[in-house]
Structures are given as structure tokens and as C-alpha cells.
Amino acid sequence: MDAEIIAMLGQDGVTNGAIYALLALALVLVFAVTRVIFIPQGEFLAWGALTMAALESGHFPATVWLLVGCGVLTLAVDAFSATGRRTIGRSVLWNLAYPLALAGLLWGLPIAELPTAARVLIALAIVVPMGPMLYRVAFQPVAEAPVLVLLIISVAVHLAMVGLGLLIFGPEGSRTQPFSEAQFELGSLMVGGHTLVVLGASVVLIVALYLFFDRTLYGKALRATAINRNGARLMGISPALAGRLTFFLAAVIGVLSGLLVAPITTVYYDSGFLIGLKGFVAAIIGGLASYPLAAGGAILVGLLESFSSFWASAFKDVIVFTLIIPVLMWRSLTSHHVEEEE
Amino acid sequence: MNANTQTRAAAAAPSRLSPKLVLGVFMVLLAAAPLVLPEFYVTLLNYVGLSALVALGLVLLTGVGGLTSFGQAAFVGLGGYTTAWLTTAQDLPGWLAFIGSSPWFTLLAGLVLTATVAVILGSVTLKLSGHFLPLGTMAWGISLYFLFGNMEFLGGHGGLSGIPPVSVFGYTLADNGQFYYLVWAFVLAALFTTRNLLDSREGRAIRALKGGMVMAESMGVDTSRARMVIFVIAALHACAAGWLYAHLQRFVNPTPFGLHIGIEYLFMAVVGGAGQVWGALVGAGVITVLKQWLQDILPKVFGSAGNFEVIIFGVMMVIVLQRARDGLWPLIAGLVPVREAQKTIDPAAAPLPRKAQPPMGETILEAKDVTRKFGGLVANNNMSLHVKAGEILALIGPNGAGKSTMFNQLSGVDTPTSGDVLFRGRSVAGHSSREIAGLGMSRTFQHVRLLPKMTVLENVAIGAHRRGSKGVLPAAWRLDREEEARLLREAAVQVERVGLKDFMFAEAGSLALGQQRILEIARALCSDPCLLLLDEPAAGLRLKEKQALAELLRRLKSEGMAVLIVEHDMDFVMSLVDRVVVMEFGEKIAEGLPAEIQKNPAVLEAYLGGV
Numbered sequence: 000m001d002a003e004i005i006a007m008l009g010q011d012g013v014t015n016g017a018i019y020a021l022l023a024l025a026l027v028l029v030f031a032v033t034r035v036i037f038i039p040q041g042e043f044l045a046w047g048a049l050t051m052a053a054l055e056s057g058h059f060p061a062t063v064w065l066l067v068g069c070g071v072l073t074l075a076v077d078a079f080s081a082t083g084r085r086t087i088g089r090s091v092l093w094n095l096a097y098p099l100a101l102a103g104l105l106w107g108l109p110i111a112e113l114p115t116a117a118r119v120l121i122a123l124a125i126v127v128p129m130g131p132m133l134y135r136v137a138f139q140p141v142a143e144a145p146v147l148v149l150l151i152i153s154v155a156v157h158l159a160m161v162g163l164g165l166l167i168f169g170p171e172g173s174r175t176q177p178f179s180e181a182q183f184e185l186g187s188l189m190v191g192g193h194t195l196v197v198l199g200a201s202v203v204l205i206v207a208l209y210l211f212f213d214r215t216l217y218g219k220a221l222r223a224t225a226i227n228r229n230g231a232r233l234m235g236i237s238p239a240l241a242g243r244l245t246f247f248l249a250a251v252i253g254v255l256s257g258l259l260v261a262p263i264t265t266v267y268y269d270s271g272f273l274i275g276l277k278g279f280v281a282a283i284i285g286g287l288a289s290y291p292l293a294a295g296g297a298i299l300v301g302l303l304e305s306f307s308s309f310w311a312s313a314f315k316d317v318i319v320f321t322l323i324i325p326v327l328m329w330r331s332l333t334s335h336h337v338e339e340e341e
Numbered sequence: 000m001n002a003n004t005q006t007r008a009a010a011a012a013p014s015r016l017s018p019k020l021v022l023g024v025f026m027v028l029l030a031a032a033p034l035v036l037p038e039f040y041v042t043l044l045n046y047v048g049l050s051a052l053v054a055l056g057l058v059l060l061t062g063v064g065g066l067t068s069f070g071q072a073a074f075v076g077l078g079g080y081t082t083a084w085l086t087t088a089q090d091l092p093g094w095l096a097f098i099g100s101s102p103w104f105t106l107l108a109g110l111v112l113t114a115t116v117a118v119i120l121g122s123v124t125l126k127l128s129g130h131f132l133p134l135g136t137m138a139w140g141i142s143l144y145f146l147f148g149n150m151e152f153l154g155g156h157g158g159l160s161g162i163p164p165v166s167v168f169g170y171t172l173a174d175n176g177q178f179y180y181l182v183w184a185f186v187l188a189a190l191f192t193t194r195n196l197l198d199s200r201e202g203r204a205i206r207a208l209k210g211g212m213v214m215a216e217s218m219g220v221d222t223s224r225a226r227m228v229i230f231v232i233a234a235l236h237a238c239a240a241g242w243l244y245a246h247l248q249r250f251v252n253p254t255p256f257g258l259h260i261g262i263e264y265l266f267m268a269v270v271g272g273a274g275q276v277w278g279a280l281v282g283a284g285v286i287t288v289l290k291q292w293l294q295d296i297l298p299k300v301f302g303s304a305g306n307f308e309v310i311i312f313g314v315m316m317v318i319v320l321q322r323a324r325d326g327l328w329p330l331i332a333g334l335v336p337v338r339e340a341q342k343t344i345d346p347a348a349a350p351l352p353r354k355a356q357p358p359m360g361e362t363i364l365e366a367k368d369v370t371r372k373f374g375g376l377v378a379n380n381n382m383s384l385h386v387k388a389g390e391i392l393a394l395i396g397p398n399g400a401g402k403s404t405m406f407n408q409l410s411g412v413d414t415p416t417s418g419d420v421l422f423r424g425r426s427v428a429g430h431s432s433r434e435i436a437g438l439g440m441s442r443t444f445q446h447v448r449l450l451p452k453m454t455v456l457e458n459v460a461i462g463a464h465r466r467g468s469k470g471v472l473p474a475a476w477r478l479d480r481e482e483e484a485r486l487l488r489e490a491a492v493q494v495e496r497v498g499l500k501d502f503m504f505a506e507a508g509s510l511a512l513g514q515q516r517i518l519e520i521a522r523a524l525c526s527d528p529c530l531l532l533l534d535e536p537a538a539g540l541r542l543k544e545k546q547a548l549a550e551l552l553r554r555l556k557s558e559g560m561a562v563l564i565v566e567h568d569m570d571f572v573m574s575l576v577d578r579v580v581v582m583e584f585g586e587k588i589a590e591g592l593p594a595e596i597q598k599n600p601a602v603l604e605a606y607l608g609g610v
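What follows is the structure, encoded as C-alpha cells:
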């Protein structure tokens, strides 16, 4: 193994690591605010990537129908439990009118001729709203349940979403166009343009999230909810709103990660899970609480993965997921009080 | 909830069926099934049995113990691959070849291997808070799946074939109908041993895990050990299922041991009703049959092949957890009116041995200059107090004075920053509350910590945990009945002693709050203590109940018990206790007889403000 290979593997590792970092941040965020361990994060990634692939090949993306279905379901749940006319009105607007309008718009657009930026926006517009809808339907009715129940629901939602993914995308995988074909020479190292896009996008997203949480009222409301749900509720922050907002952000991060990862590897309907789980390993390194540790862990996971795929490619996933054992051991040695759980 | 238990108690009329009869009918049906059913259904029942075995482990782990594993399929794989490799591989070294000579030896080998792996995984994850275990098992489930698929000697993704059939007493089980009896013998053995285990001293300790670690530890339960025990038992059940699977199929490959199957096992336990051993059977039946059926019809509906049943399973799971978290078993049990078997208390059982009680007047508990700081906040500052045998001491003070923190320092829940706590002359600061409980200190909680679904009697029996010694295996095989009778007798004595005799077999959750507090005292007494720490025992009690409680405490005192109570009700305190210690802002501001304290200017100032 010479310096060039090390540099290449390192570049691969950091690129993947940046994507895992985004996922890890979303997982930490969702867990902190809603106590949901968000297994379906990977499905948002896969759906985003496959929607983009459909748009690129000029097809009408079938995820729109999923959006319409999700919307109708959410509206039904809202109608079943809502109290005021205004809430219903808003629900009709977001869960029925918006998906139908989007479907109509896409029907009229010449999909094959759209510029990349428009495709990105459309992919976001289709998949992201399903995040808050999912929260409303699956999690909001049991928001106060123990972490374990929320986790099992989360796994159940993941399974259902994988099945739906297979139904609408089929078993074939897709790879999308990189956002940049450029190549840069850095000494003896060739750096791909897409690598820079991934790193740049990750940094921009992380900074944007930081600003959102540090500077905006909604961001502060989410932080307050993460620290003390009841306290936040007494200050007038609706936990339901906080949950939906969190799932919205997680979906944005999921879809963007999907768009970033699809030019690097072929994405199948079920690829999201393994990619998401690697984000998990990173998030667990951060104890599901610390953002910087989670991001650092993600880079570590990315590097470990790229180097182990060089030495023992068949055992790449074994090595990455076994990493969790020493991490958990280290965590269990550093925490030594008897914990009281609900 | 309350109304529910009442109607059930009222309906426990003679018109109900005896549990033995229902069980007998079930056994006959089970035994006759392969003789009358077509081959297809016998095979299906074999798979139901295998799944039920795994789900049963999860009932114990998740439903009873509150821990979760998505990686049970990997343990099934461990059992399956161990026997597959040992019985088919050529050129094994001598001792391995010997193990491989009979499937029964490989079953043992698989169980030993699985227990080892489970202990290692458990020691890494079980100490962490609840959600790390499922995440860890998820990761380990994936790793093992890829390992099975990538190991040359395990046949890679193609798997291993040519596994020999199992022989029982020289009789070879070659077809599905014969194997059926082996599968269900395993399932029934697991079912009854699990049920026996839950109805024992160790079982109560396992069930106490859900009531909170602090309570269980204070009652002398080693909670880390209890968690490990159920994790290992669940893994062993899964391993046995894997062994059966390998010899039923006579072939293994990695597919049935993947994470998705692990998730399916958990679904079975939850759908069936994770708190009940019979729930495992129901869940395994429903999911296995439903899967078979959906795999038939869904591809026709959707026009292509794929695992579409997971969509239905996922949605079903969300609905079950949102609408009926106890699963299907309670619904089914409601259809067959079975009489509930009541525990019998054997008044002739030998009393449990008691510790030698300290002589009247001996100093039992002494706190010396105890200081506890949380960062910059000094919650307790130089607190000193002592309690003697045959004395009731009250610790009082306004809200936020640091009484609860002090209580935690004394009972071993927390460790003082400086200073010492002596229990019968021995330093106990920094010792675990479990150890302290063993020395003869027992306590109640400000916020009642009971197991609401368990009877009053069983709740109280948890207190006697350290006075018994029979472990998991004797409990599973009913070799603990003599000790169990003695423990229950002791619990019954304490229930009567505190005046809850009429509620002996009621669910603890159905009692009024005041009665629940009294129940906690009975539970504390059950550990044969010489010191009782009572955290606001009179809160929520009515006048009559308060008088009865005061009467009980006076009687305990006259028997030589040392009692420390934290209490807000001044009438109750002043008429009952021998001495009072008053705290404010983490410090002791007064100490003395009740009459002196009532006139003390510093105390009046603290309670009423400056005049």
C-alpha cells in the first residue's frame, strides 16, 4: 500500500464519512427532541435518490403518489382527532391540496428537460413533506410512550417503507449524475468535483443547522424541547409542532444525503437502511447526544469502511458494525450510575 | 383499570373453566394435530413452534424485563450453524469430531457457545440505558449475518447441506410429522419452565426490573445479574430453535438469520402480547400463518414478486402499539373464561430465619458531617444525625431543605462528597443500596414504586429477596417450592401485620395511594430490617389510616426497630416521634424533643418566616 492508495482511500472515507455525519446529526436531533430512534432515516435517503434518478431519466416520479397517499392518511388522522375548523383547513391545505398541486405541476412539466437545480428542488418537494406526515400518523399519537415502544414503531415504519420502496421503484438500483464532473489535481492526488460538492454541502448544512438552532426562535424552541419536554410545553411550545418540525429537518437531511450519495454508489430500494445504520454507529459514538462527537465518529466510520474494503472487502460491513462493540464498551465503562428509566 | 379488576373479580364465579381442563384440551389438540392435519399444515405448525420458542425468549426479555433485542435471529443462526458445521464437516480435530457424532452433543455445544456470546454482548450493552441494547443487537445481527455468508467453511451464501436427522432413543425422526413432536416438546418445556421461573423468587426479581432499578436494588435485587439472566435465557431459547431448524430443514444458509427475521421475532412477541408466555404462541402463530398467506396473495395483487408482506406487518405493528399495547393475548384470553388460579399460602411453612436484632438503645445509624455538593450547589452541608434501636426520629424541613438528598446519602442511592455514614458502626457511604439492604436497612419511596400488575402478596415478597437463595434453574424446574412457601408465608405475615389482609390477592395498582404506601412498608419489613427509612409515609393517608400507621410504627418501635421518617404532616410527626431533626438550606438548624422543636425560634422562622 503506497501513499497514493492511502490518499485515495482517505478521500473515499472522508466523502462517505461526511454523508454519515449528516445522517448522524439528524438521528441525534430526532432522538433529542422526540426520543424516537429514527430507523427510517435511510428510507428518506433512498427515496430521495431514487426520485432524483426517475427525474433524470425523464420518468414521472412514482413517489408523488406516495406523497398523495401519505397526505390523505394524515388528513384522515387529523380529521379523526382535530378540534377546530382552522386546524382542519390547514390540514386540507398541506395534506391534500399541496400533494395534488405538486402532482399536477409535475404532470405539466417537461421532466426530461429540467435543469439539475430544479430536479433537486422537486425531489425535496416530493419526499420531504412525508417526514412531518409520518410523525403525525405514526408517532404523534404515542408521543409519550417509552423509548422502547417508539423504537419498535420506528422499526415497523422502516419495514413498511422498505416494502413500499420495492413496490414503487422495483428491485433495480440506480445511480445519478454527479453534480460536478470536474477533476482537480492536488499534488499527486486527484480530487473529484463531486467529492468537493459533498464536503461543501455537508459543511453548509451543518453551519445552517447551527445557525438555525442558535439564532432562530423555532430552533431555540426545538432545543428547549430536547432539554425538557414538559418545561417547553409550559412555555407554550407544542410538542407536536416540535416533533413535526424535527421530522421535517430529518427528512431534508435524509433526502439531501440521498442526492449526494447516489452519484457515488448505486442506490437500491433497501440501500438506505445500511447507510443509515452507519450513521447510527456514528451517532452512538456521540452517545446519541453530542453533535461534534457524532460528526467525528462519522468520519471515523467512513475511513474504517474505505480501508477495510481495501483489505477485506467481503468483511467490510462486519468490521464497521463490530466497531459498535468497543464503542459501547467504552461508553459503559465511562457511565457508572444506576440509571432510572421510564 | 380499577373497574376492570373489580368486574373480573366479580365474574370469578364457578361458571368459569378450570385452567387444568383448558390446558388439557389444548394438549390433546396439539398431540392429535399431525395425525389429522395434511402435511402442509403440519409443516406450518413446525415453523410456528420454532418461532414460538424464539418469541418466548423475547417475552421474558422484552415483555417482562423491559429489554429489547432485534438480534435473536442471529442467535438462532448460531445454534443452526454450530450443529450444521459440526455434523457435516470432514477432517475435524478429534474432540470436535466426537461432538459432531451426535446432534445432541452439538445442541450442547451450540448452547455453550451461545451463552458465551450472550454473556460477552450482555456485559457490554446491558449496563447502558435501554435503547443501546436494541441498537447493539441490531449491529451484531447484521455482522453475524455477513459473517455466515462470507465464511468459506460455513459454505458462504450457499450454506451447508446434508445435515443428519435427529434420533431420540435410537428412533430416527425422518419426516415432518415425527419432528413435530420434538419441536413441540421443546416449546412446551420452554413455556412451562418460563412460567415457573416467573412465578418464583428470581421471577419476581426479573419482573421488578420494570418497576425501576432503584426500587429493585433497594430490595436487594442484583439488577445487572437479573438483566443478564434473561438476556442469556432468551439467547438460549433462540439457539435451541436454530438447532431444531437445522435438523428439520437438513440445510442452513444465512437468509433466515438476517436482521429482518430478527425484527419479525420481536413483532411476534409484541403482537401476541409481550407480557404473557402464551402471547408468544399466539404471536408466532398469527405472524407465521399471516406471512404464508400474504406471500401467496400479495404478489398477485401487486403483479410482481417481493417481500410485500413487510408493508402489512409494519402497518399492523404500528396499529397494535398505538391501540392495543398488550397485544392479542388478552383479547383471546377474554373469549375463554378461565378461572384464575390463586396462590395458596401455607401457614405451616417454616418461618424464615431472622437476623439477631440489636439491643434497645444501640446506635443503628449515624451520619457524620455528611456533605453533598452538585457542582456549586451544596445540597447537604455538614449534616449529622443518629437513630437508636427502639427510637423514631423525624427529619423535617421546608421544601427544598435537602431532606431527600440526605435520604439518598443514607440509603446508598447516592454517595456523599465528604463525611461518613455508619450503619451499626460500619461505614456504608459509597456502598450500593443492595449491600446496605443486606445489612438490615430497608426503605420506602416518596413516589410509590410498586409493580401495579402484581398482587399485593407478590409485591411484598420482593422485599424478602435476599432471604431466599434458590436460583433460576431450581425455579424453572419447581425445585424451589419449599423455600417459595416460606417466602410467601413471610410476605403474608407482613401483609397482615400492616393491616392489608383483605387485599392480599388484589393487584397492587388497584389500591388507593395511602394503601400503596402501607404496602411499601410491608415490603420493607419483609427484608427483616433493624432500621426503616420512610419517605413521607403519611402523605395521601386519611385520618383513620394515619392513626393505624402511627399505631404500627409504635408497635415496631416497641419491638426494637429503629425508624427514620421524613414527613410534612406536623400533627402526625409531633405526636409520634421521639426526636426531631430540622433542616433548612441543606443544614441542620435544630434537633431535640418534639415539644422543644415546636418552640424553637429558628424552626419557627424557617417555617413561618421572620415575625
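Protein chains in written order, with numbering that gives the first Met the number 0: chain A, 0 to 341; chain B, 0 to 610. C-beta: ideal position from N, C-alpha, C; glycine also. These numbers come from a predicted model, not from an experiment.
- Query: How would you label R466/B, buried or exposed, when you count the other beta carbons within 10 angstroms and need 16 or more for buried?
  - Reply: Answer is buried; the Cβ neighbour count reaches 16.
- Query: When you compare only the Cα positions, how much space is there between V309/B and L158/A?
  - Reply: Rounded to whole angstroms, the gap between the alpha carbons of V309/B and L158/A is 6 angstroms.
- Message: Let me see if you follow: with CB-CB separation under 7 angstroms, is I226/A close to chain B or not?
- Response: no
- Query: If we cut at 7 angstroms on Cβ distances, does P133/B have a partner in chain A?
  - Reply: yes
- Message: Below 8 angstroms, how does it come out for the stretch 262 to 274 of chain B and the stretch 326 to 335 of chain B: are there three or more Cβ pairs, yes or no?
- Response: yes
- If L134/B and F279/A are in contact, beta carbons under 8 angstroms, what's the gap, nearest whole angstrom? 6 angstroms
- Per-residue DSSP class, three states only, for K500/B: Three-state result, K500/B: helix.
- Message: Using the Cβ count rule (16 or more neighbours within 10 Å means buried), how would you classify V281/B?
- Response: buried
- Item | Close beta carbons around G56/B, own chain, < 6 angstroms, minus the five adjacent residues each side | A233, H236 and A237
- DSSP three-state call for S201/A: helix, strand or coil? Correct three-state label for S201/A: helix.
- Query: When you check each C-beta in the stretch 290 to 321 of chain A against every C-beta of chain B, which residues fall closer than 8 angstroms?
  - Reply: A313, F314, D316, V317, F320 and T321
- Leaving out five residues on either side along the sequence, give the residues of the same chain with a beta carbon under 7 angstroms from the beta carbon of A102/A. V63 and V67
- H385/B, enclosing beta strand (DSSP E) - first and last residue: L376 to K387
- Task: Determine, using beta carbons only, whether Q321/B comes closer than 7 angstroms to chain A.
- Result: yes
- Item | Under 7 angstroms between C-beta atoms of S305/A and L8/A | yes
- Query: In the stretch 51 to 65 of chain B, which residues sit with their C-beta less than 8 angstroms from some C-beta in chain A, listed in chain order?
  - Reply: T61 and G65
- Using a Cβ cut-off of 7 angstroms (strictly closer), state whether P140/A contacts chain B. yes
- Use the C-beta contact count for L85/B: other C-beta atoms within 10 angstroms, 16 or more gives buried, fewer gives exposed. buried
- Task: Check the C-beta distance from G513/B over to G539/B and give it rounded, since I have them as a contact under 8 angstroms.
- Result: Right, their Cβ atoms sit about 5 angstroms apart.
- Item | Cβ separation of A239/B and Y144/B, assumed to be a contact under 8 angstroms, to the nearest whole Å | In fact, because the Cβ distance is near 20 angstroms, the residues do not count as touching under 8 angstroms.
- Item | Between the CA atoms of G12/A and A6/A - distance to the nearest angstrom | Between A6/A and G12/A, the alpha-carbon positions lie close to 10 angstroms from each other.
- What span of residues does the alpha helix (DSSP H) with K556/B cover, start to end? L542 to S557
- Task: For the stretch 401 to 413 of chain B and the stretch 369 to 378 of chain B, state whether three or more C-beta atom pairs, one from each stretch, are separated by less than 8 angstroms.
- Result: yes
- Message: Does M440/B come out as helix, strand or coil in the three-state DSSP assignment?
- Response: strand
- What three-state label does DSSP hand L351/B in the structure shown? coil
- Ends of the beta strand (DSSP E) at M189/A? L188 to G191
- Query: What is the rounded straight-line gap between the Cα of Y170/B and the Cα of G154/B?
  - Reply: 30 angstroms
- Item | Where the alpha helix (DSSP H) containing E216/B begins and where it ends | M212 to S217
- Endpoints, beta strand (DSSP E) assigned at V167/B: V165 to V167
- Of all Cβ atoms in chain B, is any one closer than 7 angstroms to the Cβ of M328/A? yes
- Task: Tell whether a beta-carbon distance below 7 angstroms holds between G389/B and G559/B.
- Result: For G389/B and G559/B, yes; Cβs fall inside 7 angstroms.
- Within the 7 angstroms Cβ cut-off, does I435/B reach chain A? no
- Query: chain A partners of R324/B, CB-CB under 9 angstroms?
  - Reply: Residues of chain A passing the Cβ test: V141, A144 and V148.
- Query: Does L158/A come within less than 7 angstroms of chain E when only Cβ atoms are used?
  - Reply: Of the protein chains in the structure, A and B, none is chain E.
- Item | Bounding residues of the beta strand (DSSP E) (the contiguous stretch that carries E583/B) | R578 to E583
- Task: Return helix, strand or coil for Q5/B, following the three-state DSSP convention.
- Result: Only weak support exists for where Q5/B lies, its pLDDT of 42 falling under 50; the value from the coordinates is given anyway. Note: Q5/B maps to helix in three-state DSSP.
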